[in-house]
Each structure stands twice: as structure tokens, then as C-alpha cells.
Amino acid sequence: MKPTDFELTSAEKTALLRLAHGAIANHLTGEPLPVVDVTERLTLPLGAFVTLHHHGDLRGCIGFMSTNKPLYQTIPELAVSAASRDFRFPPVTVEELPQLDVEISILTPLEPIEAIEEIIIGKHGLCIEFRGRRGVLLPQVAPRYHWTAQEFVEAVCHKAGLPADAWQEADATLSIFSAYIFGDSTV
Numbered sequence: 021m022k023p024t025d026f027e028l029t030s031a032e033k034t035a036l037l038r039l040a041h042g043a044i045a046n047h048l049t050g051e052p053l054p055v056v057d058v059t060e061r062l063t064l065p066l067g068a069f070v071t072l073h074h075h076g077d078l079r080g081c082i083g084f085m086s087t088n089k090p091l092y093q094t095i096p097e098l099a100v101s102a103a104s105r106d107f108r109f110p111p112v113t114v115e116e117l118p119q120l121d122v123e124i125s126i127l128t129p130l131e132p133i134e135a136i137e138e139i140i141i142g143k144h145g146l147c148i149e150f151r152g153r154r155g156v157l158l159p160q161v162a163p164r165y166h167w168t169a170q171e172f173v174e175a176v177c178h179k180a181g182l183p184a185d186a187w188q189e190a191d192a193t194l195s196i197f198s199a200y201i202f203g204d205s206t207v
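Basically this note's numbering = 1-based index in the sequence shown + 20.
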């Protein structure tokens, strides 16, 4: 799947965002899950990430590079995980729910690359795999921090708990991917 091959309607984006918010609320309060229309595109088994922000600050981000589950099941699961299982943050609280912003990234498959010159900042996310470790950074991360391709690669290595130059090792795999990104602020 290329990013240009995949698009959601406004109603489909809204449905996934409602499922994400509803799953977090259900997890925290027992509130019933929303019922949404499930279209054919929402049944596709695509990798995705859910990112949570509270007053502009990152509050959680969890995802799968690939999955066998349909989007309409994957997104609520990831939303709950981002709210409660991202080890970098304490769990989201009920008090934060009204100000919680959700961003969803639906991913293309990984494409291994040979040189960092192949990375297009703002278009590509990165994945490093080396000696049993894996690190992933979404396409929107590098522009947010004004990183060069070199800084982006070093950051994904750091995220995996690896030395900054680990991507140059013969048995390391550095891959790019793209994402279809939308959220509360763009729907």
C-alpha cells in the first residue's frame, strides 16, 4: 500500500476517532463503547499508531507496524494501550479525558533502505532493527524537532536503546515507511 493508495472519508476518520476516545473512556469509567458504521476500508488489517496529547504535550503513543486485525478493532486497542501502557508516562486519568487529543497514523509496509539519503523528512518514518532490538519513529516526529536525516536516524537508534551509529552495522536493518495521519485537530 502506498500512502496515495489509501484514503478515508471524513465519516471514517470520525468513526475511528470516536472508537479511540470511546475505548479510553470505557477503560477508565466503564462508559459504553460507541457504535460506528464499519465500512470496507475500516476492515483492512493495517499497521497503525495512536498518539495522545494533553494540552499539546505527548501523553502516550503505542502502535503496531503490522497486524492481522481490522482497523476498527486495532485503533481502540491501541488507544487504550497509549493511555495506560506507555511506560514513559503515568496512565491517563479521567480528569484528562475532555482535553485529550487523539492522532491516528495508518502505516504502509516497511521498505529497507541502504542510505540515509533515501529518507524524506516529513514523508518517511523510520524503523531500526538490530540484535533483537527495534525502534520506530513516525513521519511527523522529525519535522516537529527540525531534525536532519542524520539526526532522525540517530534518534531512532536511541529509541531502540542502540548506539547512534548502529544503523551502519552489516546486520542492522533500517527501513522507511509512510503514514496516513489524521486526528482531532484535522477532522
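Glycine is no exception: its CB is placed at the ideal position from the N, C-alpha and C atoms.
Check, Outcome
"Beta-carbon spacing of Cys177, Ala186 below 8 Å", "yes"
"Neighbour-count burial assignment, Thr24, 16 or more Cβ in a 10 Å radius", "Residue placement at Thr24 cannot be trusted, given a pLDDT of 48 that sits under 50; what the coordinates show is reported in the next sentence. Its Cβ having fewer than 16 others within 10 Å, Thr24 is exposed."
"C-beta contact flag for Gly80 and Val58 at 8 Å", "no"
"For Ser198, three-class secondary structure by DSSP", "coil"
"Proximity winner among Asp191, Leu72 and Pro65, relative to Glu134 (alpha-carbon distances)", "Asp191"
"Length of the line joining the Cα atoms of Val161 and Glu115", "27 Å"
"Validate contact between the region 31–50 and the region 87–97 using beta carbons, cut 8 Å, 3 pairs", "yes"
"C-alpha distance - Pro159 paired with Met85, whole-angstrom precision", "13 Å"
"Leu78, enclosing beta strand (DSSP E) - first and last residue", "Asp77 to Phe84"
"Opening and closing residue of the beta strand (DSSP E) in which Ser104 lies", "Ser104 -> not in any beta strand (DSSP E); alpha helix (DSSP H) instead, spanning Leu91 to Ser104."
"Option nearest Glu123 by Cα separation, candidates Pro183, Ala31, Gln188 and Leu78", "Leu78"
"Member of Val173, Leu72, Pro163 and Gly142 whose CA lies at the smallest distance from the CA of Arg154", "Val173"
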